[in-house]
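A.B. asks:
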Ligand SMILES: *Cc1c(COP(=O)(O)O)cnc(C)c1O
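Numbering (this note's numbering), first residue to last: 1240 to 1630.
1. Under the DSSP definition of a beta bridge, which residues are partnered with residue 1520?
2. Comparing the C-beta of residue 1541 with each C-beta of chain D, is any distance below 7 Å?
3. For residue 1369, which residues from the same chain have a beta carbon less than 7 Å from its beta carbon, with the 5 sequence-adjacent residues on both sides left out?
4. Between residue 1324 and ligand 1, is there a pair consisting of the residue's CB and a ligand heavy atom that are separated by less than 6 Å?
5. The alpha helix (DSSP H) that contains residue 1309, what's its start and end?
6. Measure the alpha-carbon distance for residue 1182 versus residue 1248 and round it to whole angstroms.
7. Work out the CA separation of residue 1462 and residue 1316 for me, nearest whole Å.
8. Let me check understanding here. Comparing Cα to Cα, which of 1308, 1537, 1544 lies closest to residue 1522?
9. Give me the residue from 1617, 1615, 1627, 1605 with the minimum Cα distance to residue 1396.
10. Can you tell me where the beta strand (DSSP E) holding residue 1319 begins and where it ends?
11. Where residue 1525 and residue 1514 are concerned, what is the direct C-alpha to C-alpha distance, given to the nearest angstrom?
12. Pull the bridge partners of residue 1388 from the DSSP assignment, please.
13. Quick one: what's got a C-beta closer than 8 Å to residue 1360's C-beta in the same chain, skipping five residues either side?
14. For residue 1373, I'd like the list of residues in its chain whose CB is within less than 7 Å of its CB, leaving aside the five on either flank, ordered along the chain.
15. On the DSSP letters alone, give me the boundaries of the beta strand (DSSP E) that residue 1608 sits inside.
16. What is the rounded straight-line gap between the Cα of residue 1564 and the Cα of residue 1625?
17. Could you compute how far the alpha carbon of residue 1567 sits from the alpha carbon of residue 1398?
18. So what does DSSP say about residue 1543, is it helix, strand or coil?
19. Can you look up residue 1476 in the DSSP assignment and give me helix, strand or coil?
20. Is the beta carbon of residue 1454 within less than 6 Å of some heavy atom of ligand 1?
21. Taking 8 Å as the threshold, find out whether the stretch 1264-1280 comes into contact with the stretch 1433-1453 through three or more Cβ pairs.
22. Checking the sheet assignment: what are the DSSP bridge partners for residue 1457?
23. Within the same chain, show all residues whose beta-carbon is closer than 7 Å to that of residue 1617, passing over the 5 residues directly before and after it, in chain order.
24. Given that a residue counts as buried once 16 or more other Cβ atoms are within 10 Å of its Cβ, and exposed if not, what is residue 1441?
25. What's the gap between the Cα of residue 1304 and the Cα of residue 1420?
26. Any idea if residue 1588 is buried or exposed, counting beta-carbon neighbours within 10 angstroms, 16 or more meaning buried?
27. For residue 1584 versus residue 1601, is the C-beta spacing smaller than 7 Å?
28. Hey, how far is the Cα of residue 1497 from the Cα of residue 1412?
29. Compute the minimum distance between the beta carbon of residue 1448 and the heavy atoms of ligand 1, and state whether it is under 6 Å.
30. Candidates 1470, 1508, 1331: which alpha carbon is nearest residue 1386's?
31. Do three or more CB pairs link the stretch 1316-1327 to the stretch 1451-1460 at distances below 8 Å?
32. So, using beta-carbon positions, are residue 1492 and residue 1250 closer together than 7 Å?
33. Within this structure, are the beta carbons of residue 1414 and residue 1437 separated by less than 7 Å?
34. Would you decide whether residue 1352 is buried or exposed? Buried here means 16 or more other CB atoms lie within 10 Å of its CB.
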């Protein structure tokens, strides 16, 4: 399977066909599985026999999703979880312990930042936050007990790019792992393991589903370490449901055509925004004007589907745009085939202090669009209109 092109793997990898010869992946909605005998039950539960016993441990539909995602990321194995946060939780609680240390980028998804700042310290795991793009700061933050580097690239919402090979080299030099939250690009545009990352974590809720239907997550990595995470998940219970795995399997089948087209739309939209007199700055890694354009294009096959931009006139002007779009959805979710718009300063980053927001570069006039599959001319028309509304 792995010699096949990723476009093919997205559709074919991980398929298991039952005695009924179904063509589409089957949905196994069952909490437990029968055994043939007391002896077989004993050997299944002890692990001497492999097979399904209970869906908190394994389920064939979930296994198909895991195998397909692992193939797409170029990793040995994947473990699926109930959400993206459950994936990050499982990675850290299974492989780290009290007394360990993490180096993470400052610009992280809100709940990840919350977990790292407030939850992990309660369990004796310490986190140092460093600027995403400053390799020397990562190097300087390493301690004797550093076990993990954790990063998102491109960052949300300003699309800063982390140098994955550079980070992997520093982490490995100190015996630490590099974990990359690959939510923004998905394996359609970026495969961090090829750049030296040890783990990829996903919120499958975003581009992997692509239609805003279900929550899900996953960790991809080396077999022996994913086994440890699996043993944690089957005990602690943040398991992905079979139904959600079944939905996500069909999401993966169209991943490449969706994300490649969404990225093409995003580039066209970003280029148009750059010429608009009401816009003072556009953040999009696919633009030549992006300060890390070259690095982005080395790691990613396209700029992605997330475009952020600064509207002249601060919060009032930005809110006017949000309030006056008629096509683009006003919602915080991203990765959907439907374009969405958010005002980060008052939503996703609203809990930060004004000083912390300013330091992170999240201005009052900043807007973020997750570009979908509508025709780009309709998106441009929607924004042309909403940018023209007077106070
Ligand atoms: C949404 C998101 C998460 C969390 O995923 P859930 O599925 O909502 O738990 C983590 N990281 C990033 C970058 C995200 O966008």
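Built from N, CA and C at the ideal position, the CB exists for glycine as well.
C.D. replies: Put simply:
1. The count along the chain shown starts at 1 and reaches residue 1520 at position 281. Beta-bridge pairing links residue 1520 to 1549.
2. The question asks about chain D, but that chain is absent: this structure has only one protein chain.
3. Residue mapping note: residue 1369 aligns to position 130 of the chain shown, counting from 1. Result list for residue 1369: 1342, 1344, 1345, 1376, 1377, 1380, in chain order.
4. Locating residue 1324 in the chain shown gives position 85, counting from the first residue. For ligand 1, at least one heavy atom lies less than 6 Å from the Cβ of residue 1324.
5. As a first step, residue 1309 is located in the chain shown; it is residue number 70 there, counting from the start. Start and end: 1299-1312.
6. The chain is shown from 1240 up to 1630; residue 1182 falls before or after that span and cannot be answered.
7. Translated into the one-based positions of the chain shown, residue 1316 becomes position 77. Translated into the one-based positions of the chain shown, residue 1462 becomes position 223. Looking at the two C-alpha atoms, the distance is approximately 5 Å.
8. Counting from one through the chain shown, the residue named residue 1522 turns up at place 283. Per the Cα distances, 1544.
9. Counted from its first residue, the chain shown places residue 1396 at position 157. Nearest C-alpha to residue 1396: 1605.
10. Taking the first residue of the chain shown as position 1, residue 1319 is located at position 80. Where residue 1319 is concerned, the enclosing beta strand (DSSP E) stretches over 1316-1320.
11. Within the chain shown, residue 1525 is the residue found at index 286, counting from 1. Within the chain shown, residue 1514 is the residue found at index 275, counting from 1. Answer to the nearest angstrom: the Cα atoms are 15 Å apart.
12. For the purposes of this step, residue 1388 is identified with residue 149 of the chain shown, where counting begins at 1. Note: residue 1388 sits in a beta bridge opposite 1342, 1417.
13. Reading the chain shown from its first residue, position 121 is the one you call residue 1360. So the list reads 1366, once near-sequence residues are dropped.
14. Residue numbering aside, residue 1373 sits at position 134 when the chain shown is read from its first letter. No residues qualify anywhere along the chain.
15. For the purposes of this step, residue 1608 is taken as residue 369 along the chain shown, with counting starting at 1. From DSSP, the beta strand (DSSP E) with residue 1608 extends over 1605-1609.
16. Your numbering for residue 1564 matches position 325 in the chain shown. Your numbering for residue 1625 matches position 386 in the chain shown. Roughly 5 Å between the two C-alpha positions.
17. Walking along the chain shown from the start, residue 1567 turns up at place 328. Walking along the chain shown from the start, residue 1398 turns up at place 159. Each residue's Cα considered, the two are about 20 Å apart.
18. Here residue 1543 corresponds to residue number 304 of the chain shown, with the count starting at 1. Residue state, collapsed to three classes: coil.
19. If you number the chain shown from 1, residue 1476 lands on position 237. Looking at residue 1476 - three-state DSSP - the assignment turns out to be coil, as it is neither helix nor strand.
20. Here residue 1454 corresponds to residue number 215 of the chain shown, with the count starting at 1. Yes, ligand 1 has a heavy atom inside 6 Å of this Cβ.
21. no
22. The sequence position of residue 1457 within the chain shown is 218, counting from 1. Among the bridge pairs identified by DSSP, residue 1457 is matched with 1319, 1441.
23. For the purposes of this step, residue 1617 is taken as residue 378 along the chain shown, with counting starting at 1. Hits under 7 Å: 1566.
24. The sequence position of residue 1441 within the chain shown is 202, counting from 1. So residue 1441 counts as buried.
25. Taking the first residue of the chain shown as position 1, residue 1304 is located at position 65. Taking the first residue of the chain shown as position 1, residue 1420 is located at position 181. When only Cα atoms are considered, residue 1304 and residue 1420 end up about 18 Å apart.
26. Numbered from its first residue, the chain shown carries residue 1588 at position 349. Buried, since its Cβ has 16 or more Cβ neighbours within 10 Å.
27. Taking the first residue of the chain shown as position 1, residue 1584 is located at position 345. Taking the first residue of the chain shown as position 1, residue 1601 is located at position 362. Yes, Cβ-Cβ distance for residue 1584 and residue 1601 is below 7 Å.
28. Stepping through the chain shown from its first residue, residue 1497 is reached at position 258. Stepping through the chain shown from its first residue, residue 1412 is reached at position 173. Their Cα atoms are separated by approximately 38 Å.
29. On the chain shown, position 209 is the one that residue 1448 refers to. Residue 1448: no, Cβ never under 6 Å from ligand 1.
30. Position 147 of the chain shown, counting from 1, holds the residue named residue 1386. Considering only alpha carbons, the answer is 1331.
31. yes
32. As a first step, residue 1492 must be located in the chain shown, where it is residue number 253. As a first step, residue 1250 must be located in the chain shown, where it is residue number 11. Result yes, Cβ atoms of residue 1492 and residue 1250 sit closer than 7 Å.
33. Residue mapping note: residue 1414 aligns to position 175 of the chain shown, counting from 1. Residue mapping note: residue 1437 aligns to position 198 of the chain shown, counting from 1. No, they are not a contact pair.
34. As a first step, residue 1352 is located in the chain shown; it is residue number 113 there, counting from the start. Buried, by the Cβ-count rule.
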